[in-house]
Ligand code: C2E
Ligand code: MG
Ligand code: MG
Ligand code: MG
């Protein structure tokens with residue numbers, strides 16, 4: 335029986351592979367045209383002081399709702415954009431949208447806090463990225479202190495020296511640099527001090543490990559006390575004169591623990607979800 339089944343199975347496998355390839359190709363073409371036609375938009379998620387809940391910033395998060403389809407999460411289309419090189423055009427588009435939005439808020443009497451844009455490590459490899467970035471701000475009349483760059487540690491895995499130089503120049507121009515998703519991967523305490531950083535963002539997954547919803551299963555090895563590690567990160571960041579913010583704060587328990595450990599800033603559903611610029615406006619101070 336198997337003898338007869340095998341060729342058919344192989345055939346079906348090839349069919350599925352071809353199908354997946356077609357879907358991927360469709361998506362790439364759609365993303366390309368979405369960037370071209372500017373069918374993407376941004377939501378903004380506030381960052382707050384934990385204790386007073388005062389708004390201290392907001393992160394711009396990209397959204398894409400292909401025609402007729404449901405919202406595709408950035409965790410799907412950003413990697414696609416990176417694999418295909420679309421990210422360069424897309425990254426520039428995001429920066430322009432953020433600048434235009436800040437200008438629009440200001441023109442209607444609001445004083446937005448610094449707005450963070452996520453920058454793909456690949457963008458740092460663009461020819462004179464920092465010059466182009468700053469030129470865009472100038473074009474829109476946006477002061478560098480109004481913009482924050484969020485970058486992940488992967489930016490320093492390869493081309494480390496170059497990445498550092500690019501970010502250093504942005505930082506010197508007044509753009510704050512925040513290290514995104516800290517605690518997820520290659521995090522090394524020792525090199526934090528070398529990087530041109532203003533703030534470290536503790537990743538949500540790290541926070542979740544500190545406050546497990548369920549009792550942890552018996553560990554085969556000595557259990558890691560993530561809370562102690564978090565305390566260490568906070569102390570280290572302090573020592574390096576870096577700000578520290580926790581992302582993905584969802585519960586009052588997490589907020590309380592962070593305050594106890596000396597982490598004073600947060601971002602997460604417990605405070606605000608990502609929202610449209612119109613929804614954010616009433617939370618902004620007015621000039
Ligand atoms: P990120 O930069 O770490 O952004 C934080 C993500 O956590 C966002 O997901 C946000 O909606 C989500 N989040 C915030 N608070 C909570 C919470 O309390 N609970 C939970 N479960 N989630 C929370 P989002 O918008 O889906 O973005 C995912 C990732 O996609 C971002 O992670 C960032 O790496 C990337 N991304 C988003 N926009 C851009 C962009 O314009 N450019 C680039 N290069 N990457 C982007
Ligand atoms: Mg981010
Ligand atoms: Mg993050
Ligand atoms: Mg994250």
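Numbering (UniProt numbering), first residue to last: 335 to 621. Just so you know, even glycine gets a beta-carbon here, dropped at the ideal spot from N, CA and C.
Practice task
Compute the distance between the beta-carbons of residue 428 and residue 376, then report whether it is under 9 Å.
Solution key: For the purposes of this step, residue 428 is taken as residue 94 along the chain shown, with counting starting at 1. For the purposes of this step, residue 376 is taken as residue 42 along the chain shown, with counting starting at 1. Result yes, Cβ atoms of residue 428 and residue 376 sit closer than 9 Å.
Exercise for the section: Count the other CB atoms, across all protein chains shown, that sit within 10 Å of the CB of residue 461; report buried if there are 16 or more and exposed otherwise. Expected result: Position 127 of the chain shown, counting from 1, holds the residue named residue 461. Looking at its Cβ environment, which holds fewer than 16 other Cβ atoms inside 10 Å, residue 461 is exposed.
Practice task
Go through its chain and collect everything with a Cβ distance to residue 393's Cβ below 6 Å, but skip five positions before and after it.
Solution key: Here residue 393 refers to the residue found at position 59 of the chain shown. Cβ within range, chain order: 379, 450.
Practice task
Taking all protein chains shown into account, decide if residue 486 is buried (16 or more other Cβ within 10 angstroms of its Cβ) or exposed.
Solution key: Position 152 of the chain shown, counted from the first residue, corresponds to residue 486. That one is buried.
Handout entry: Neighbouring residues (CB closer than 5 Å to any heavy atom of ligand 2)
Key = 452, 484, 514
Exercise for the section: Taking residue 370 as the reference, give the member of 426, 596, 434 with the closest Cα. Expected result: On the chain shown, residue 370 is found 36 positions in, with the first residue counted as 1. Here the closest residue by C-alpha is 426.
Handout entry: Contact check, residue 626 vs residue 455, beta carbons under 9 Å
Key = No answer is possible for residue 626: it lies beyond the span of the chain, which begins at 335 and ends at 621.
Handout entry: Nearest candidate by alpha-carbon position, reference residue 384, set 597, 619, 621, 527
Key = Taking the first residue of the chain shown as position 1, residue 384 is located at position 50. Residue 384 has its Cα closest to that of 597, out of 597, 619, 621, 527.
Exercise for the section: Ignoring anything shorter than 4 residues or poking outside the stretch 395-433, list the alpha helix (DSSP H) runs there in chain order. Expected result: 408-418
Handout entry: Nearest to residue 382 (by Cα), restricted to the options 421, 562, 577
Key = Position 48 of the chain shown, counting from 1, holds the residue named residue 382. Checked all of 421, 562, 577; the closest Cα to residue 382 is 577.
Problem - Straight-line gap, residue 424 to residue 400 (C-alpha atoms, nearest Å) - result: On the chain shown, position 90 is the one that residue 424 refers to. On the chain shown, position 66 is the one that residue 400 refers to. When rounded, the distance between both Cα atoms is 15 Å.
Problem - Inter-residue Cα distance where the pair is residue 612 and residue 349 - result: Residue mapping note: residue 612 aligns to position 278 of the chain shown, counting from 1. Residue mapping note: residue 349 aligns to position 15 of the chain shown, counting from 1. Taking the straight line from one Cα to the other gives about 46 Å.
Problem - Contacts around residue 570, its chain only, beta-carbon distance under 8 Å, and the 5 residues preceding and following it disregarded - result: Counted from its first residue, the chain shown places residue 570 at position 236. Within the same chain, residue 570 has close Cβ partners 523, 526.
Practice task
Return the CA-CA distance between residue 545 and residue 568, expressed in angstroms with no decimal places.
Solution key: Counting from 1 along the chain shown, the entry for residue 545 is found at position 211. Counting from 1 along the chain shown, the entry for residue 568 is found at position 234. Cα to Cα, the separation comes out at about 16 Å.
Handout entry: Through-space distance from residue 446 to residue 540, alpha-carbon basis
Key = To locate residue 540, count along the chain shown from 1; it is residue 206. To locate residue 446, count along the chain shown from 1; it is residue 112. Taking the straight line joining both Cα atoms gives about 29 Å.
Handout entry: Cβ-Cβ separation, residue 602 to residue 582 (assumed contact under 8 Å), whole Å
Key = Residue 582 sits at position 248 when you count from the first residue of the chain shown. Residue 602 sits at position 268 when you count from the first residue of the chain shown. Residue 582 to residue 602, Cβ: 5 Å. Contact.
Practice task
For residue 452, I'd like the list of residues in its chain whose CB is within less than 6 Å of its CB, leaving aside the five on either flank, ordered along the chain.
Solution key: Taking the chain shown and counting its residues from 1, one reaches residue 452 at position 118. Once the five neighbours on either side are set aside, the close Cβ partners of residue 452 are 484.
Practice task
Answer with buried or exposed for residue 353, where buried requires no fewer than 16 other C-beta atoms within 10 angstroms of its C-beta.
Solution key: Translated into the one-based positions of the chain shown, residue 353 becomes position 19. Looking at its Cβ environment, which holds fewer than 16 other Cβ atoms inside 10 Å, residue 353 is exposed.
Exercise for the section: Return yes when the C-beta of residue 537 is under 8 Å from any heavy atom of ligand 3, and no when it is not. Expected result: Counted from its first residue, the chain shown places residue 537 at position 203. For ligand 3, at least one heavy atom lies less than 8 Å from the Cβ of residue 537.
Practice task
Provide the residue(s) that pair with residue 597 in DSSP beta bridges, ordered along the chain.
Solution key: Numbered from 1 along the chain shown, position 263 holds the residue referred to as residue 597. Looking at the DSSP assignment, residue 597 forms no beta bridge with any residue, so it has no partner.
Exercise for the section: Report, in whole angstroms, the separation of the C-beta atoms of residue 467 and residue 504, which I expect to be a contact under 8 Å. Expected result: The residue labelled residue 467 in the question sits at position 133 within the chain shown. The residue labelled residue 504 in the question sits at position 170 within the chain shown. About 6 Å separates the two Cβ atoms, so the contact holds.
Exercise for the section: Just tell me which of 588, 404, 507, 501 has its CA closest to the CA of residue 478. Expected result: Along the chain shown, one-based indexing puts residue 478 at 144. Closest option to residue 478, Cα to Cα, is 507.
Problem - Close Cβ partners of residue 414 (< 7 Å) along its chain, the five nearest in sequence each way excluded - result: Residue mapping note: residue 414 aligns to position 80 of the chain shown, counting from 1. Excluding residues within five positions, the ones whose Cβ falls inside 7 Å are 361, 362, 365.
Problem - Extent of the continuous beta strand (DSSP E) run through residue 376 - result: Sequence index remark: in the chain shown, residue 376 carries index 42 (1-based). Taken as a continuous stretch (DSSP letters only), the beta strand (DSSP E) holding residue 376 covers 374-383.
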